[in-house]
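K.L.:
Take this structure first; my questions come after.
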Amino acid sequence: MRADRCRPALDPLLDLAPCGFISFLDDGCVCAANRTLLEMLGYSPDEVLDKHIELILAVGSRIFYQTHFFPLLRLHGRADEIFLLLRSKSGEDVAVLANAIRRERRGEWMTDAVLLRLVERRKFEDALLDAKHVAEQAVAAAEDANRAKSDFLAMMSHELRTPLNAIGGYVQLLEMGVHGPITPAQAEALGRVTRSQQHLLRLINDILNLARIESGRIDYDLQTISLNDIVMATLPMIEPQIAVKGLRYDVDVPLGLKAAADREKLEQILLNLLSNATKFTHEGGSLHIEGALVPDREDLVELRVGDTGVGIPGDRLELVFAPFVQVESSHAARVEGTGLGLSISRDLARGMGGDLTAESTLGVGSTFTIRLRRG
Amino acid sequence: MDSPVLSRNNVKVFGRGTQPMLFAHGFGCDQNMWRFVTPAFADDYRIVLFDYVGSGKSELAAYDLERYATLNGYASDVLDVSHALELQNVIFVGHSVSSMVGVLAANREPGLFERLILIGPSPRYINDAPAYVGGFERSDIEGLLETMEKNYIGWANFLAPVIMKNPDHPELTSELVTSFCSTDPVVARRFAEATFFADNRSDLAAVEVPSLIMQCSDDMIAPAAVGEYVSRELRGSTLRHLRATGHCPHMSHPKETVAVMREYLRSPVDGAQSVARIR
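First to last, the sequence lines map onto chains A and B. Each residue of the first sequence is one higher than the one before, counting from 1 in the working numbering. Each residue of the second sequence is one higher than the one before, counting from 1001 in the working numbering.
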């Protein structure tokens, strides 16, 4: 019955074509198949005609036929460049690329499909997909490792802070003479203990901050903030160090200039930049703090901290933002710090939708630019 | 009516009736798959169509890997859409995997649904020897994932927009449309895994809403034995065998599909519900 219903007479030319050809009805019944396809799969015509098209599909491709291929044909009237795995009579997989069109012929809706065998191309696709999987796994492994590192750092920092606070507290008690009077030499020694304890505490706080940022445990409270206010609030914290080194500084931030930022975090970034500029600038040098709209970008504002310090070699400029890096320079002895400040500052700036970048000329000075959304 | 869910799930509502028929598409496609059957119900019902987040023209930005890792996330979409439209006495129509999505939704909020119409349901696609035959081995599903991956690779134009030259819809000729089957490759794989690695057998017994099981002939995705299993487990269910072959009768044999659905909808709901109440 089916045979009467469909069996289109095949043009003999199709048997000579270098690719498979098959016609089937909406219910999957195969009406025609050319010799190339039958030979590719090792079937005789009678074994395929009037059978369901699923017969010649590998199981995965049968599901794909039902969930994707047939719906595409039904809804679009055609399907182009569909990858399918055919199943030969002897059970081997044969990869093909299918182009198909569904149309009405003699009162029946029929799909005609051309099946192009893939041999070399499939190898390339497999190699590409393998490479993609390896890359994805490597990325996932690296992300896992980084997260583990952040968690470890966060935990360790907490563990270290507790005894450090105890040290600080007991030194204070000794200095206050709670356990009896102390000599001037002892007082000086205790002062050194306190300074070291505070230094260590700062380093640990830096590490904890970085770990928090990396594990995404930081919330940003973005508000419209005057950049001039921020500079004026931050400068007094660093002025003693500036004065000790005898540096000059000037501030040029327009009063109306506003950014969308988290006040506390912006102050932290600015303090870090000012502290670096002070550290790395020789006595008698100068700092320049400047705010401006970004040319051609009306939605962005910038705050720049420039110095006349030792500068950073061009090839190391980006490295200063990597955690735990401090650029060594022949012009300066290694300066105290974790090398985390700029990494944290950049993460914070980016967390507020902005960025932190640097320009520098060795021996002339550096300028760090905080870019933020306009408030 | 202006809930964000409506744009998130690309919800479409039409029809002249009041009782809602909520159509949930299956894996691999979107709400367009219903267009051959919905006109038959538009005079008597309020037709509600939607795309699951990640499918069709839903908002991909709303996709959440965690939420949609299991079919429960898809059931949440069904409930979200129902709440956003304040639907009541819903007739839920689910194709393929959406049958189980409907079962999960009905178990979470039985009072929302009047009936479930399940087209080609399967609570578990993978065999669980010796007692349960789902029709597939794990390796078969891996084969599907490989075929999908090859089709979502860059140079196949599977995902590309196509010029519509649809002879049975001349009014749509030459319309530039995005492939109805196009979904993001990551989303599609996740949906495939959520579908074919699911085991919802234990959810069937809890269903209180009466249901119709539409079982196709020669359906390799949901074989006859699976349909019978579902009808045994799903109390208050009616099993109907279709002459339609394959897995998508609403696309391949819309007339028979509509006729069977109509006949079921004409049957009194009370009889079926009392079955549920007696338990």
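Positions of the beta carbon are idealized from the N, C-alpha and C atoms, including for glycine. Small disclaimer: the values here were computed from a predicted structure and weren't measured.
Shortest alpha-carbon distance to residue 1055 (chain B) belongs to which of B:1185, B:1044, B:1211, B:1239?
P.N.:
Residue 1055 (chain B) has its Cα closest to that of B:1185, out of B:1185, B:1044, B:1211, B:1239.
K.L.:
Against chain B, does residue 27 (chain A) count as a neighbour if the rule is that its beta carbon must be under 7 Å from one of theirs?
P.N.:
So yes, residue 27 (chain A) belongs to the interface.
K.L.:
If residue 1013 (chain B) and residue 1048 (chain B) are in contact, beta carbons under 8 Å, what's the gap, nearest whole angstrom?
P.N.:
That pair is a contact at about 5 Å.
K.L.:
Check the Cβ of residue 63 (chain A) against every Cβ in chain B and list those closer than 7 Å, keeping chain order.
P.N.:
Going along chain B in sequence order, the residues near residue 63 (chain A) (Cβ under 7 Å) are 1144, 1221.
K.L.:
If you follow the beta strand (DSSP E) that residue 113 (chain A) is part of, which residue opens it and which one closes it?
P.N.:
Counting along the chain, the beta strand (DSSP E) containing residue 113 (chain A) begins and ends at 108-117.
K.L.:
Taking residue 1137 (chain B) as the reference, give the member of B:1257, B:1221, B:1027, B:1258 with the closest Cα.
P.N.:
For residue 1137 (chain B), the nearest C-alpha among the options comes from B:1221.
K.L.:
Less than 8 Å between C-beta atoms, sequence neighbours within five positions excluded: which residues of the same chain meet that for residue 224 (chain A)?
P.N.:
Excluding sequence neighbours, residue 224 (chain A) sits near 258, 259, 260, 375.
K.L.:
Among B:1105, B:1227, B:1115, which one has its Cα closest to the Cα of residue 1242 (chain B)?
P.N.:
Comparing Cα-Cα distances from residue 1242 (chain B) to each of B:1105, B:1227, B:1115, the minimum goes to B:1227.
K.L.:
What are the complete alpha helix (DSSP H) segments, minimum 4 residues, inside the segment 1003-1053 of chain B?
P.N.:
The segment 1003-1053 of chain B contains these whole alpha helix (DSSP H) runs: 1004-1008.
K.L.:
Give me the Cα-Cα distance between residue 77 (chain A) and residue 1010 (chain B), rounded to the nearest whole angstrom.
P.N.:
One C-alpha to the other measures close to 24 Å.
K.L.:
Considering Cα atoms alone, identify which of B:1033, B:1118, B:1003 is closest to residue 1239 (chain B).
P.N.:
Nearest option by C-alpha distance: B:1118.
K.L.:
In angstroms, rounded to a whole number, what distance separates the CA positions of residue 1015 (chain B) and residue 1247 (chain B)?
P.N.:
In a straight line, the C-alpha of residue 1015 (chain B) is about 27 Å away from that of residue 1247 (chain B).
K.L.:
So what does residue 1199 (chain B) bridge to, in DSSP terms?
P.N.:
Answer by DSSP bridge pairing, in chain order: B:1124.
K.L.:
So, do the segment 45-57 of chain A and the segment 96-104 of chain A have three or more beta carbon pairs nearer to each other than 8 Å?
P.N.:
No: fewer than three Cβ pairs fall under 8 Å.
K.L.:
Should residue 163 (chain A) be labelled buried (16 or more other beta-carbon atoms within 10 Å of its own) or exposed?
P.N.:
When all chains shown are included, residue 163 (chain A) counts as exposed.
K.L.:
Using 8 Å as the cut-off, can you tell me whether the segment 353-368 of chain A makes contact with the segment 308-319 of chain A, which would need three or more C-beta pairs spanning the two stretches below that distance?
P.N.:
Short answer: they touch.
K.L.:
Taking C-alpha atoms, which residue in A:37, A:137, A:144, A:130 lies nearest to residue 97 (chain A)?
P.N.:
For the residues A:37, A:137, A:144, A:130, the minimum Cα distance to residue 97 (chain A) belongs to A:37.
K.L.:
Leaving aside the five residues before and after residue 372 (chain A) along the sequence, list all residues of the same chain whose C-beta is less than 8 Å from its C-beta, in chain order.
P.N.:
So the list reads 259, 260, 261, 266, 300, 301, 302, 303, 349, 352, 353, 354, once near-sequence residues are dropped.
K.L.:
Would you report the Cα separation of residue 1210 (chain B) and residue 121 (chain A), rounded to the nearest angstrom?
P.N.:
Looking at the two C-alpha atoms, the distance is approximately 51 Å.
K.L.:
Flag this pair as yes or no: are the beta carbons of residue 319 (chain A) and residue 360 (chain A) separated by less than 7 Å?
P.N.:
Taking 7 Å as the Cβ cut-off, residue 319 (chain A) and residue 360 (chain A) do not qualify as a contacting pair.
K.L.:
Any residues in the segment 1111-1123 of chain B with a beta carbon nearer than 8 Å to a beta carbon of chain A? Which ones, in chain order?
P.N.:
Result list empty, no residue passes.
K.L.:
Could you list which residues in chain B have their beta carbon closer than 9 Å to that of residue 297 (chain A), in chain order?
P.N.:
Result: empty, since nearest Cβ-Cβ is about 25 Å, beyond 9 Å.
K.L.:
Would you call the CB atoms of residue 197 (chain A) and residue 169 (chain A) closer than 7 Å?
P.N.:
Not closer than 7 Å, so no.
K.L.:
Could you check what DSSP says for residue 1218 (chain B) in three-state terms: helix, strand or coil?
P.N.:
Coil.
K.L.:
Which residues in chain A sit within 8 Å of residue 1214 (chain B), going by Cβ to Cβ distance?
P.N.:
What residue 1214 (chain B) touches in chain A: nothing, since even the nearest Cβ is about 15 Å away.
K.L.:
May I ask you to list the residues that DSSP assigns as paired with residue 223 (chain A)?
P.N.:
Answer is A:261, bridged to residue 223 (chain A).
K.L.:
Taking 7 Å as the CB-CB cut-off, is residue 311 (chain A) touching chain B?
P.N.:
For residue 311 (chain A), the answer is no, since every Cβ of chain B falls outside 7 Å of its Cβ.
K.L.:
For the segment 47-60 of chain A, list every residue whose C-beta sits within 9 Å of some C-beta in chain B, in sequence order.
P.N.:
Of all residues in the segment 47-60 of chain A, 52, 54, 58, 59, 60 have a Cβ within less than 9 Å of some Cβ in chain B.
K.L.:
Hey, could you find the ends of the alpha helix (DSSP H) residue 1149 (chain B) is sitting in?
P.N.:
Counting along the chain, the alpha helix (DSSP H) containing residue 1149 (chain B) begins and ends at 1138-1151.
K.L.:
Classify residue 69 (chain A): buried if its beta carbon has 16 or more other beta carbons within 10 angstroms, exposed otherwise.
P.N.:
Under this definition residue 69 (chain A) is a buried residue.
K.L.:
What residues in its chain sit with their C-beta under 7 Å from that of residue 40 (chain A), if we drop five residues either side in the sequence?
P.N.:
Taken in chain order, the residues that qualify are 20, 94, 117.
K.L.:
Using a C-beta to C-beta distance shorter than 8 Å, which residues of chain A count as neighbours of residue 1287 (chain B)?
P.N.:
Because residue 1287 (chain B) is not part of the residues shown, which for chain B are 1001 to 1279, the question remains open.
K.L.:
With DSSP as the reference, identify every bridge partner of residue 359 (chain A), one or two as the case may be.
P.N.:
Beta-bridge pairing links residue 359 (chain A) to A:367.
K.L.:
Please classify residue 1160 (chain B) as buried or exposed, where buried requires at least 16 neighbouring CB atoms within 10 angstroms.
P.N.:
Note that residue 1160 (chain B) has pLDDT 43, beneath the 50 cutoff, so the model's placement of it is unreliable and the number below is only indicative. Exposed, since its Cβ has fewer than 16 Cβ neighbours within 10 Å.
K.L.:
Identify every residue that forms a DSSP beta bridge with residue 99 (chain A).
P.N.:
In the DSSP output, where bridge partners are listed per residue, residue 99 (chain A) has A:114.
K.L.:
Return the Cβ separation of residue 1212 (chain B) and residue 1230 (chain B) in integer angstroms, given the expectation that the two are a contact with Cβ distance under 8 Å.
P.N.:
11 Å between Cβ atoms; not a contact.
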